[in-house]
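Report on the structure given below.
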Amino acid sequence: FREIDEELRRDNLAQLWKKYGNYVIGLAVLIVVATAAIVGWRTYQDKQRETQGGEYASALDLARQGKDADAAAAFASLAQKADAGRAVLARFEEAASKVNTGDVADAIALYDRLAADNSMDPAFRDAATLLSARYTIDKGDPQAAIAKLQPLVAPNNAWRGLALEMTALAELKAGDKSKAQKDFDSLGKDTTAPQAVRQRAAAMAEALGP
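As structure tokens, this is what we get:
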């Protein structure tokens with residue numbers, strides 16, 4: 417009986433293999449190919465990250481050497497092909513290099529595009545807004561800067577203290593000394609603002625006071 421059982425099992429296995437063997441081989445090949453593809457993709461990504469890191473470091477070296485135009489071009493090129501995180505940093509660095517070359521208008525436009533990019537983390541977008549407003553004041557358009565800063569002065573915004581300080585500076589730049597003094601005084605007493613911001617605001621309020 418055991419021999420008969422074994423023969424039956426062998427016959428059943430042979431029939432199963434004849435019927436499904438090609439599928440099993442195909443599945444095994446597919447698994448091997450998929451595994452190789454995954455490993456290859458990870459290797460490619462690692463190599464890309466390594467290359468991008470080198471390009472980013474080279475662009476930073478250009479900026480440190482004062483070659484701001486070259487640095488801006490290098491960061492712009494990197495932002496087009498880098499992964500999301502490094503692309504964001506490259507775009508910020510590109511804008512900073514534009515400022516250093518004296519091309520403030522182009523830098524403001526870059527910051528504005530960053531601020532409007534909904535794919536970015538809100539904290540980075542707000543930082544871009546703050547930087548855009550800062551250079552908009554320098555460029556001589558304080559009212560536009562005040563308008564840009566309005567969303568950032570909300571009570572729950574992480575940049576609120578700096579946004580209020582910059583708003584008061586824009587008011588002063590616009591010639592509204594009274595409003596600026598009042599806002600500096602209020603900010604100097606705001607315990608939710610960072611200590612350094614409160615100290616600067618209090619000093620400005622005292623300097624502008626009667």
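In our numbering, the protein residues as written are 417 to 626. Glycine is no exception: its CB is placed at the ideal position from the N, C-alpha and C atoms. Because the structure is a prediction, the values reported are computed rather than measured.
Own chain residues within Cβ distance below 6 angstroms of residue i, not counting five before or after
i: methionine 620; result: Phe600
i: glutamate 471; result: Leu494
Endpoints, the alpha helix (DSSP H) within which residue i is located
i: glutamine 481; result: Run containing glutamine 481: none; DSSP gives neither H nor E here.
i: asparagine 516; result: 500 to 517
i: proline 571; result: First-last for proline 571: undefined, no H or E at that position.
i: alanine 523; result: 520 to 531
i: lysine 555; result: Looking at the DSSP string, lysine 555 is not in any alpha helix (DSSP H), and its letter there is neither H nor E.
Same chain, Cβ closer than 7 angstroms to residue i, neighbours up to 5 away in sequence not counted
i: alanine 487; result: Ala475, Leu478, Ala479, Ser513
i: alanine 498; result: Gln468, Ala506
i: leucine 578; result: Leu546, Val613
i: glycine 625; result: Gln597
i: lysine 564; result: Thr545, Ser548, Ala549, Thr552
i: alanine 531; result: Arg541, Ala544, Thr545, Ser548
i: lysine 593; result: Leu624
Same chain, Cβ closer than 8 angstroms to residue i, neighbours up to 5 away in sequence not counted
i: threonine 608; result: Pro571, Arg576, Gly577
i: glutamine 559; result: Ala586, Ala590
Of the listed residues the options, nearest to residue i (C-alpha basis)
i: leucine 588; options: Ile524, Asp528, Ala561, Leu568; result: Ala561
i: aspartate 557; options: Ala590, Leu530, Tyr527; result: Ala590
i: aspartate 606; options: Val569, Lys593, Ala623; result: Val569
i: glycine 501; options: Leu526, Ile524, Asp592, Ser535; result: Ser535
i: alanine 523; options: Asn573, Gln496, Ala489; result: Ala489
i: alanine 539; options: Ala574, Ser602, Lys593; result: Ala574
i: aspartate 528; options: Thr517, Phe508, Gly518; result: Phe508
i: alanine 503; options: Asp537, Lys595, Ala485, Glu622; result: Asp537
Inter-residue CB distance, residue i and residue j (contact presumed, cutoff 8 angstroms)
i: glutamate 581; j: arginine 541; result: Incorrect: roughly 19 angstroms between the Cβ atoms, too far for contact.
i: alanine 511; j: leucine 526; result: 4 angstroms
i: lysine 555; j: valine 515; result: In fact, because the Cβ distance is near 11 angstroms, the residues do not count as touching under 8 angstroms.
i: glycine 604; j: alanine 584; result: Actually they are not in contact, since the Cβ atoms of glycine 604 and alanine 584 sit about 10 angstroms apart, beyond 8 angstroms.
i: alanine 492; j: threonine 517; result: With 8 angstroms as the limit, alanine 492 and threonine 517 do not qualify as a contact, their Cβ atoms being about 12 angstroms apart.
Open item on the list: Suppose only complete runs of 4+ residues qualify. What are the alpha helix (DSSP H) ranges in the segment 577 to 615, listed by chain order?
Closed with: Runs of the alpha helix (DSSP H) lying entirely within the segment 577 to 615 and spanning at least 4 residues, in chain order: 593 to 604.
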